[in-house]
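Student: Positions in the sequence shown are counted from 1; adding 5 to them yields this note's numbering.
Cβ coordinates follow ideal geometry from the N, Cα and C atoms, glycine included.
One structure follows; several queries about it will come next.
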Amino acid sequence: ISRYSDTDVLILVGILVTGISVCIYWLRSGRYPARLESLKPEMFAFVAGATGALMNVIFKATGELAKGSVAGIGGNTWLTIHPYYHVAAVAVLGLGMLCALNLLLSRVDAVIATPLYFTNLIVCSSTIGLLF
Numbered sequence: 006i007s008r009y010s011d012t013d014v015l016i017l018v019g020i021l022v023t024g025i026s027v028c029i030y031w032l033r034s035g036r037y038p039a040r041l042e043s044l045k046p047e048m049f050a051f052v053a054g055a056t057g058a059l060m061n062v063i064f065k066a067t068g069e070l071a072k073g074s075v076a077g078i079g080g081n082t083w084l085t086i087h088p089y090y091h092v093a094a095v096a097v098l099g100l101g102m103l104c105a106l107n108l109l110l111s112r113v114d115a116v117i118a119t120p121l122y123f124t125n126l127i128v129c130s131s132t133i134g135l136l137f
């Protein structure tokens, strides 16, 4: 039995999406405080890692839908549109993650970029996976 409700997961997803949106806005517009200039690689790494974490959770939810469908729980869910939303979301988030990772690697050396990305991916995935 889970101690967390769907609301807890949605709140965390909302926080991650808000953080991703703020970082993308700052990076695209250049309107951020001057003291954050040195954190630009971290912003790219956060966007890539948090997007990857969201992709992992949606991919897991799609797997749960498939498992329930095969087990006969709730009927054949693949006859509805909802699993296909999940598949589309996984594809869009995967492309977004790769795009942010490519932008990060084009701006800093891979020796700096790789640990930043994997740290963000692990922290975000672990946090959201704990609740999901």
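Answer yes or no: do P88 and T67 have a C-beta to C-beta separation smaller than 9 Å?
Tutor: Against a cut-off of 9 Å, the Cβ pair of T67 and P88 comes out as a contact.
Student: So what's F123 in DSSP terms, helix, strand or just coil?
Tutor: Three-state DSSP puts F123 in a helix.
Student: Going by C-alpha distance, which of Y30, A50, M102, S111 is nearest M60?
Tutor: The candidate whose alpha carbon is nearest that of M60 is M102.
Student: Take T56 and list the residues in its own chain whose beta-carbon comes closer than 7 Å to its own, dropping the five residues that flank it on each side.
Tutor: So the qualifying residues of the chain are I25, L98, G101, M102, A105.
Student: What are the uninterrupted segments assigned as alpha helix (DSSP H) that are 4 or more residues long and contained completely in the segment 10 to 68, given in chain order?
Tutor: The segment 10 to 68 contains these whole alpha helix (DSSP H) runs: 11 to 34.
Student: Of the choices I63, V116, T12, G73, whose alpha-carbon is the least far from that of V95?
Tutor: Nearest of I63, V116, T12, G73 to V95, Cα basis: I63.
Student: Just mark Y90 as buried or exposed, buried being the case when its beta carbon has 16 or more other beta carbons within 10 Å.
Tutor: So Y90 ends up on the exposed side.
Student: Thinking C-alpha only, which one of V22, L108, G77, T82 is nearest R179?
Tutor: Past the boundaries of the shown model lies residue 179; the chain is included only from 6 to 137, so the question cannot be answered.
Student: Would you grab the beta carbon distance between L136 and L17 for me? Rounded to a whole angstrom, and I think it's under 8 Å.
Tutor: Confirmed, Cβ separation roughly 6 Å.
Student: State the start and end residues of the unbroken alpha helix (DSSP H) segment that holds G4.
Tutor: One cannot answer for residue 4 here, as it falls past the ends of the chain, which runs 6 to 137.
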